[in-house]
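Residue numbers (the numbering used here), protein chains in the order written: chain A, 5 to 627; chain B, 5 to 627. For glycine and all other residues, C-beta sits at the position ideal for the given N, C-alpha and C.
Number of protein chains: 2
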Amino acid sequence: MASDTPGPLRRLKHLLFGEPIPTARAHHERLGIATGLPVFASDNLSSSAYANESILSVLVLYSATLAGLQLWLALSIALLIGIVAWSYKQTIFAYPGGGGSYIVASDTLGETPGLIAGAALMIDYVLTVSVSVAAGVAALVSAFPSLHELLVPISVVCIAVIAFGNLRGVRESGALFSMPTYGFLVAMLLLLVFGVVKAIGTPIGAQTILAEPGAIGSEASFPLIFIILRSFAAGCTALTGIEAVSNGVPAFRPPEARNASRTLIIMAAILTVLFLGLGYITQHLPQIELYATKNPEYSTLVSQIASWTFGAASVGFYFVQFATAAILILAANTSFMDFPRLSSLLARDGYLPRPLARQGDRLVFQNGIIVLAIASAILVWAYHGELDQLLPLYAVGVFMAFTLSQAGMVAHWRKLKERGHGLSITINAIGTVITGAVTLVLLVTKFSEGAWIIAVLTAAFFFTFRAIKRRYASINAQLAEGMRSATQLQRHSVLLLVPRIHRGVLRAMDYAAGLHGEEVRALHVAINPKAVPALKADWDRHSPDIPLIVVESPFRSLIDPVLAYVDEMLEAHPDVTVTVIVPEAVPTKWYHRFLQENLAFQLKFALGGRKNVVVTNVRYFLD
Amino acid sequence: MASDTPGPLRRLKHLLFGEPIPTARAHHERLGIATGLPVFASDNLSSSAYANESILSVLVLYSATLAGLQLWLALSIALLIGIVAWSYKQTIFAYPGGGGSYIVASDTLGETPGLIAGAALMIDYVLTVSVSVAAGVAALVSAFPSLHELLVPISVVCIAVIAFGNLRGVRESGALFSMPTYGFLVAMLLLLVFGVVKAIGTPIGAQTILAEPGAIGSEASFPLIFIILRSFAAGCTALTGIEAVSNGVPAFRPPEARNASRTLIIMAAILTVLFLGLGYITQHLPQIELYATKNPEYSTLVSQIASWTFGAASVGFYFVQFATAAILILAANTSFMDFPRLSSLLARDGYLPRPLARQGDRLVFQNGIIVLAIASAILVWAYHGELDQLLPLYAVGVFMAFTLSQAGMVAHWRKLKERGHGLSITINAIGTVITGAVTLVLLVTKFSEGAWIIAVLTAAFFFTFRAIKRRYASINAQLAEGMRSATQLQRHSVLLLVPRIHRGVLRAMDYAAGLHGEEVRALHVAINPKAVPALKADWDRHSPDIPLIVVESPFRSLIDPVLAYVDEMLEAHPDVTVTVIVPEAVPTKWYHRFLQENLAFQLKFALGGRKNVVVTNVRYFLD
């Protein structure tokens with residue numbers, strides 16, 4: 005065991021987060037397909053809840069009659085889903101150690117594209133947590149308007165709960181959070197079955213489309229192709245989260261790559277079914293309402309479909325509503341799987357602080373989990389939970405990473421130069437072109453709406469990565485400099501601080517003498533000169549061997565005269581290391597601390613900038 | 005100088021609080037009579053502003069016709085002022101080292117009465133600061149009703165300013181705060197001169213007394229003597245603060261006792277003149293309004309006098325109003341002189357934490373000033389600045405201290421057993437009886453109104469003092485135990501922690517070797533077993549003399565294996581002290597700190613409970 009007698013703090017930690025898991029048992033903590041699917045798919049599947057709506061909202065800006073194009077656009081996006089999923093399946097086998105865009109791009113395209121992909125994804129994960137939790141909580145809260153002002157606290161609690169689950173370990177969080185994902189799947193499949201049956205029985209008649217006054221047809225003067233491209237790009241939000249599995253391959257049980265790729269394929273299949281099914285029913289709705297600005301009375305397209313299929317305020321309707329809200333909140337869980345893993349890879353390579361690369365005793369990258377939770381909670385708090393305006397933006401980062409990853413795979417195949425990769429190259433090349441085009445369209449059309457923030461943030465992260473890398477390189481160079489291959493004994497002197505003479509000080513004196521310094525001296529700072537003769541006599545009785553030096557303190561400081569004396573010693577012998585020994589009483593109860601002056605800490609701080617000085621506390625214990 | 009190159013923090017400190025003052029120049033920092041009077045008298049003189057009102061408010065509860073007794077009661081209280089002032093004058097000469105009630109009572113009556121007096125005064129000083137600042141700010145704010153909701157922040161700022169002035173030193177705060185006190189004196193003397201002249205010219209006619217409905221005569225069924233006693237006790241608030249000078253004798257310039265006693269006499273004389281003068285004018289007011297509950301429209305008796313004398317809304321009226329508000333706020337300054345001094349005496353005697361006895365570099369007891377400022381600010385904040393209900397209460401503590409001090413002086417004279425002290429004993433005995441009686445009356449009549457809080461708090465402070473004293477005694481006994489009279493060399497082993505091999509670690513290795521321990525070992529905690537062979541080879545190349553021990557960390561902790569290894573060492577050789585050397589990189593910029601794991605601190609904390617272990621950081625510097 006780690007320690008025979010765990011302290012109360014440690015016991016509390018184990019109670020909260022579970023007993024430590026040995027590295028040797030790591031593979032027991034992995035995920036299978038059934039547990040991996042909810043963990044990695046919740047982000048991606050939740051996209052199906054709003055992708056059709058995004059397509060329609062853009063189309064009607066040209067004309068309400070364009071709404072019929074929605075299903076065709078959905079079909080072409082479904083094709084893209086297939087291409088991207090195929091591409092990531094290949095990535096999984098090519099990079100079974102966890103092949104996120106960062107790894108693929110930096111391995112094949114070089115440092116800069118790799119870091120850009122890493123930066124885009126890190127930002128994206130934070131945004132995903134904030135946006136999806138806030139959206140899910142807003143949906144839940146809309147059922148209870150009195151809770152509306154608790155939106156931010158509830159969101160923060162949700163983030164904390166998800167972070168807490170993840171700190172307990174991969175397997176537990178997988179089990180914990182699988183319920184809502186499967187609940188969502190059941191709700192959606194029921195909705196699809198009943199909805200499609202009802203839709204087949206309903207002849208396509210005239211469809212009324214309601215939107216905000218003046219919205220429909222407001223951009224009729226734009227070229228049609230432009231509207232279609234934008235609508236396509238908007239619908240591509242369905243793809244967000246599809247890369248999650250390939251980032252987290254090592255979280256799967258062996259054979260990792262096969263389990264991961266199956267999970268990916270199942271996820272993509274479910275996504276396609278949900279996306280197209282909902283799109284099909286949409287075409288049969290007699291009336292569709294589309295509002296760009298969100299408010300509590302507004303109902304989403306999915307809830308309009310549920311209301312049409314099951315009837316307003318029916319049990320089925322509420323089931324769909326709550327399941328959708330729950331999966332939105334849990335979409336955050338996918339980020340909590342991938343963000344810590346990605347940041348650990350960046351930290352391992354020296355682009356982020358090393359503590360992010362540390363696996364904690366529950367085998368998770370706990371520092372990454374904590375950083376993600378704090379960053380996303382701050383974002384929710386800063387935006388008062390109204391993050392809708394950020395929702396479309398983060399697709400930019402996602403598609404930037406997609407493009408780099410696909411391009412990386414093309415480079416990967418070309419590097420291998422083996423035969424039989426023709427189909428792979430072709431698919432990845434098509435993927436690169438389409439996802440690249442979507443990135444461009446998103447960047448252009450959303451630039452003034454805030455996509456520039458993503459661009460600026462990505463650049464900022466990129467330069468931070470580089471700066472950290474440089475700093476580590478400089479540290480390592482400095483530490484390697486002047487390495488020599490034998491112990492060189494240092495000359496050292498010992499300076500024992502003596503406030504008054506008691507057992508604790510005598511113990512420290514023994515320790516000081518035992519260090520066998522060239523010189524051992526005791527130093528007393530005299531605040532009250534009258535007490536000095538008695539102290540000197542006492543000292544000579546207890547320690548005739550060690551000379552006691554008394555310095556006056558004209559300003560009554562206990563620190564300054566010590567600093568001055570140490571500086572003198574250093575100046576006289578620049579090659580000597582001075583060990584300053586500070587006797588320190590260890591209080592038995594925390595409030596006893598107030599009875600003592602913590603000189604050791606102050607001295608340590610004051611001497612902090614001096615080379616060749618070592619401050620050592622010799623503690624003595626009180627009952 | 006204290007330090008050749010003061011750092012930026014130190015320079016900021018000197019800028020804010022002034023350059024350090026050497027102990028040798030202490031006498032230059034003392035107060036004369038002209039500067040001492042405002043410092044020590046502001047609390048006491050501010051009492052004159054409300055003592056007459058307190059007397060009247062009680063009298064009219066019996067009958068409006070009793071109001072005529074007010075002047076007679078004022079005269080008898082003036083006699084008491086004379087007795088108490090005389091008593092304290094004798095105390096000053098008997099205890100020129102600062103003769104507060106604590107010193108006198110503990111010296112003559114024993115520990116328990118001394119501590120009770122000390123506790124009562126400490127509570128009293130905190131209450132004085134809170135109550136008087138809040139009352140003064142409320143008076144100022146009543147002129148600008150829009151500021152009313154800023155009452156608490158403004159009060160806290162006032163407390164901070166007074167504390168800041170006191171941190172700069174006695175002399176500076178004396179100069180800083182003398183203006184408002186002298187302004188108050190000028191205002192009051194003008195008011196007296198004009199008021200008395202007008203009063204003499206006004207025949208005493210019928211006087212209308214207004215109070216809250218039902219208040220007048222509401223206690224007519226009580227025995228008259230009871231009402232008169234209560235009224236007398238209420239008027240005794242005029243005495244609060246009279247003990248301040250005797251507490252602070254060492255703050256005066258030599259001859260300390262003479263300067264202090266002159267200041268005391270001048271203060272008592274001014275107080276008597278103001279108190280009786282205002283009482284005389286009160287009798288000539290055609291109409292008096294007395295309201296128990298305070299509100300912004302309510303005007304104090306002093307402002308009614310000012311309004312009658314100078315005319316409502318006249319320049320003279322506003323001068324009196326503002327001067328009264330200012331002296332109320334500055335009454336706090338007296339507490340800032342005495343609280344730190346009293347707590348330093350208690351700390352010196354071991355009844356309070358020793359840091360309270362430390363004189364800072366501006367020769368003030370800075371910790372006491374800070375404690376007082378924080379405690380009183382918390383009180384203002386907790387009561388939302390509405391401390392009126394506390395105003396009458398703290399007289400209980402004041403009179404408790406008076407009684408103990410007077411009784412102590414009686415004991416003092418009896419101990420001396422010299423002739424010619426007959427008069428002194430008589431005066432002090434009369435003082436003891438009267439102040440004791442006032443204490444009892446206050447305690448009984450105010451008990452249910454909250455005087456019990458003072459009693460409970462005094463008891464709590466008393467037992468805390470005793471507990472701290474016991475703790476210090478136990479510490480000293482433990483530290484004296486087993487003292488022996490020669491250095492006993494300790495056996496010690498050195499354990500160097502090696503995360504990886506670089507220049508910093510080699511430097512720490514040199515240091516470790518230089519300690520000449522019985523055994524010097526290096527310890528590496530292997531998180532990644534694959535990296536171990538390379539590390540071992542590297543180590544053998546650089547340090548063939550020191551054996552490198554590699555321990556595995558099944559739970560990936562860097563701390564636990566070190567603890568386990570140290571425990572093994574301690575168990576194998578219980579008489580050996582283990583020095584654990586932790587190489588630590590010193591970051592050049594604060595944010596570089598995030599790039600490293602601060603292992604040293606965690607280890608120090610984890611090893612904190614183990615005896616015979618010394619943790620030493622050997623730092624290496626990065627550019």
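Residue i - DSSP class collapsed to helix/strand/coil
{"i": "TYR624(A)", "result": "strand"}
{"i": "PRO184(A)", "result": "helix"}
{"i": "GLU293(A)", "result": "strand"}
{"i": "ARG34(B)", "result": "coil"}
{"i": "THR592(A)", "result": "coil"}
{"i": "ALA215(A)", "result": "strand"}
{"i": "PRO587(A)", "result": "strand"}
{"i": "GLU453(A)", "result": "helix"}
{"i": "VAL502(A)", "result": "coil"}
{"i": "PHE559(A)", "result": "coil"}
{"i": "SER497(A)", "result": "strand"}
{"i": "VAL368(A)", "result": "coil"}
{"i": "PHE256(B)", "result": "strand"}
Beta carbon proximity, residue i to chain B, threshold 8 Å
{"i": "PRO537(A)", "result": "no"}
{"i": "GLY518(A)", "result": "yes"}
{"i": "ASP111(A)", "result": "no"}
{"i": "PHE625(A)", "result": "yes"}
{"i": "PRO254(A)", "result": "no"}
{"i": "ARG34(A)", "result": "no"}
{"i": "ALA42(A)", "result": "Here residue 42(A) is Pro; the residue named in the question, Ala, does not match the sequence. False, the Cβ-Cβ gap to chain B never drops below 8 Å."}
{"i": "ILE479(A)", "result": "yes"}
{"i": "GLN606(A)", "result": "no"}
{"i": "GLN370(A)", "result": "no"}
{"i": "GLU176(A)", "result": "no"}
{"i": "LYS473(A)", "result": "no"}
{"i": "GLN482(A)", "result": "yes"}
Neighbour flag for residue i against chain A, beta carbons, 8 Å
{"i": "GLY508(B)", "result": "yes"}
{"i": "ILE266(B)", "result": "Rather than Ile, the amino acid found at residue 266(B) in this sequence is Arg. Output row for ARG266(B): interface = no."}
{"i": "GLY560(B)", "result": "The sequence shown places Arg at residue 560(B), not Gly. ARG560(B) counts as touching chain A."}
{"i": "ARG345(B)", "result": "no"}
{"i": "HIS388(B)", "result": "no"}
{"i": "TYR515(B)", "result": "yes"}
Any C-beta of chain D under 8 Å from that of residue i
{"i": "GLU485(A)", "result": "The question asks about chain D, but that chain is absent: this structure's protein chains are A and B."}
Per DSSP, the bridge partner or partners of residue i
{"i": "HIS528(A)", "result": "VAL554(A)"}
{"i": "HIS416(B)", "result": "Per DSSP, none; premise fails for HIS416(B)."}
{"i": "GLU523(A)", "result": "SER497(A)"}
{"i": "THR581(A)", "result": "HIS496(A)"}
{"i": "VAL618(B)", "result": "THR583(B)"}
Minimum length 4: unbroken alpha helix (DSSP H) runs contained in the stretch 52-122 of chain A: 55-66, 74-98, 105-112
Are three or more beta carbon pairs between the stretch 275-286 of chain B and the stretch 47-65 of chain B nearer than 8 Å? yes
Is there contact here, the stretch 371-391 of chain B with the stretch 120-131 of chain B, by at least three beta-carbon pairs under 8 Å? yes
Would you call the stretch 571-580 of chain A in contact with the stretch 507-515 of chain A, where contact means no fewer than 3 C-beta pairs closer than 8 Å? no
Are the stretch 230-248 of chain A and the stretch 203-213 of chain A in contact at 8 Å, needing three or more beta carbon pairs? no
Three or more beta-carbon pairs under 8 Å between the stretch 248-257 of chain B and the stretch 340-348 of chain B, yes or no? yes
Is there contact here, the stretch 397-408 of chain B with the stretch 437-451 of chain B, by at least three beta-carbon pairs under 8 Å? yes
Can we say the stretch 527-538 of chain A touches the stretch 555-563 of chain A, given the rule of at least three CB pairs closer than 8 Å? yes
Could you tell me whether the stretch 347-364 of chain B touches the stretch 75-95 of chain B, where touching means 3 or more Cβ pairs closer than 8 Å? no
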